[in-house]
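Chemist: Could you have a look at this structure, given as structure tokens, before my questions?
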Amino acid sequence: MTNLMESYTQSTAIEPNLEIDLIICCARTQVDQTTAKQINYLLQKDLNWGYILEKVKNHHLVPLLYRHLSHYGEDKVPPQILGSLQKEARTSLLNNISLSQELRNILNLFQENSIDVIPLKGLVLAASAYHNLALRQFGDLDIFIQTKDVIKACDLLIAQGYEAPLQFTQLSKESAEEFGSGISQGSYDFIHQEKNLTVELHWSLDRKHFAFPVEFEHVWKRVEEVSLQGDIIPNLSPEDALLFLCMHGSKHCWEKMLWICDIAQLLETYENIDWAYLIQQSYDLGVRRMLLLGLNLAYQLMGTLPPQIIWQQIHADEVIGGLSSQVWNAIAYSPLSRSDEHLFVIKARERLMDKLRYLLGIVMTPTTKDWNLSTIPESLSFLWYFILPIRLIQELGDK
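One point on numbering: in the working numbering, the residue at position 347 of the sequence shown is 412, and numbering is uninterrupted.
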């Protein structure tokens, strides 16, 4: 295994971080001989175990770290640290099992009401890319439906005890569409207080100002199936999953190492990816750089090489190296400021119109936080056009 810390510190002039290096070695389901030697080497060092524990919790990698440390480091890791990891991993598994049952209940409910649905991210990744429900941490459920089914699906979730977001309960559909929340936001979060879980209902793979206009019907035509605790459920094709996950990770500046691990695990699992389709889609949707960035980060994490033609495009894009260094620097040391996050996303777009659309979106689109904090009545919702630019200026000044 190539020492990732060596490779990215060359361009960022920061000191190697052995704790992050150990986490990187363990951020995979299978460890090869070279990586095992690196783990054993690192375990001989004087490591800051409190820092390691904090990092893996923040990056949702506790199950993977526990899996490998319990195998390679049982006599080298402080017992209280290994015990804490074991407890966290067990809690994560129980949570995943509970969420799995809830997902199956929702899928059955929607099927009974003629709503087609595709689960996203956590659970289906645990089943399809990690092949083990215990190894991939997640905290909520993400499901993708058609726009025409949004109101019906919301009503069904409310009937099951979920609390609707303010955008759904307080705004008319017309107002929601006009001011960028509601239907045009692309998703709603529904919270079940008694079950302590959140369902994120998507009808767009992301908000419109990210210019990722993939309709449900398009991915539904390519949908595959995966087994989840004996049930067969729909799953995005590996190509569509890679596009979505690379876009999602780039939008959030790859702040969770778990998201990079997801890309690497997908590449390890699916050997027959239609790369021609994938790269053409990324061009058509304007997310080529986001795709290449995700693939580059996955290579840096696990050494998973994409085909030569993809690798050539990664090296030809002068922006990707700098963005990759920013990601690892933020993971190891200091998170990006709000202004740097916005600049990161802008740099991750290759088309000028998409950069401008993003800027317009963050200026003119109320966030869920905006709606929750606002007491503006619907009749005065035009005031968002004055409030949101002020909010953006405050964010850009937040260093």
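Where a beta carbon is used, it is the ideal one built from N, C-alpha and C, also for glycine.
1) CA-CA distance, Y137 and E333?
2) Locate the alpha helix (DSSP H) running through V189, then write down its first and last residues.
3) Does the stretch 93-100 touch the stretch 162-180, meaning 3 or more C-beta pairs lie closer than 8 Å?
4) Going by C-alpha to C-alpha distance, which of N394, G386, L425 sits closest to A413?
5) In or out: P400 buried (at least 16 other Cβ within 10 Å) or exposed?
6) Span of the beta strand (DSSP E) holding E265?
7) Tell me whether S300 is buried or exposed, calling it buried when 16 or more other Cβ atoms sit within 10 Å of its Cβ.
8) Can you give me the start and stop residues for the alpha helix (DSSP H) that P144 sits inside?
9) Taking the DSSP output, what are the residues bridged to L206?
10) Over what stretch of residues does the beta strand (DSSP E) that includes V182 continue unbroken?
11) Suppose you measure from the CA of A218 to the CA of L425; what does that come to, to the nearest Å?
12) Secondary structure at I216, three-state DSSP: helix, strand or coil?
13) For E228, list the residues DSSP reports as bridge partners.
14) Once you ignore the five residues that flank I375 on each side, which residues in its own chain have a CB closer than 8 Å to its CB?
15) Take K213 as the anchor and find which of S179, V189, A224 has the nearest alpha-carbon.
16) How should F244 be labelled, buried or exposed, when 16 other C-beta atoms within 10 angstroms of its C-beta is the threshold for buried?
17) Assuming the contact rule is C-beta atoms closer than 8 Å, C318 and E406 should be a hit. Round their C-beta distance to whole Å, please.
18) Pull the bridge partners of L293 from the DSSP assignment, please.
19) Go through its chain and collect everything with a Cβ distance to A363's Cβ below 7 Å, but skip five positions before and after it.
20) Which term fits K316, buried or exposed, when burial requires 16 or more other beta carbons within 10 angstroms of its beta carbon?
21) Use the C-beta contact count for A241: other C-beta atoms within 10 angstroms, 16 or more gives buried, fewer gives exposed.
22) Using DSSP with H/G/I as helix, E/B as strand and the rest coil, what is I223?
23) Extract the residue ranges of the beta strand (DSSP E) inside the stretch 104-145, only unbroken runs of 3 or more that lie entirely within it.
24) What do you get for G226, buried or exposed, if any count of 16 or more other CB atoms within 10 angstroms of its CB means buried?
25) Going by alpha carbons, who is nearest to Y195 out of N394, Y106, L323, F409?
26) For A199 and S135, I'd like the C-alpha separation in whole angstroms.
27) Going straight from the alpha carbon of I223 to that of D111, what length do you get?
28) In the structure shown, what three-state DSSP assignment does P303 receive?
29) Taking buried to mean at least 16 other C-beta atoms within 10 Å of its own C-beta, is E304 buried or exposed?
30) Which of the three DSSP states, helix, strand or coil, is assigned to S399?
Modeler: According to the structure data:
1) 22 Å
2) 187-193
3) no
4) G386
5) exposed
6) 262-267
7) In the sequence on display, residue 300 carries Asn and not Ser. N300 is buried by the Cβ-count criterion.
8) 144-177
9) V264
10) Careful: V182 lies outside any beta strand (DSSP E) and carries neither H nor E.
11) 30 Å
12) helix
13) I256
14) W340, I344, L357, L360
15) S179
16) Legend: pLDDT at F244 = 35, less than 50; position of this residue unreliable, value from coordinates given subsequently. Classification for F244: buried.
17) 5 Å
18) D296
19) I325, I328, A329, L332, T369
20) buried
21) Any reading at A241 needs caution, since the residue's pLDDT is 43, under 50, leaving its predicted position unreliable; the model's value is listed next. Flag for A241 reads buried.
22) helix
23) none
24) exposed
25) L323
26) 15 Å
27) 52 Å
28) helix
29) buried
30) coil
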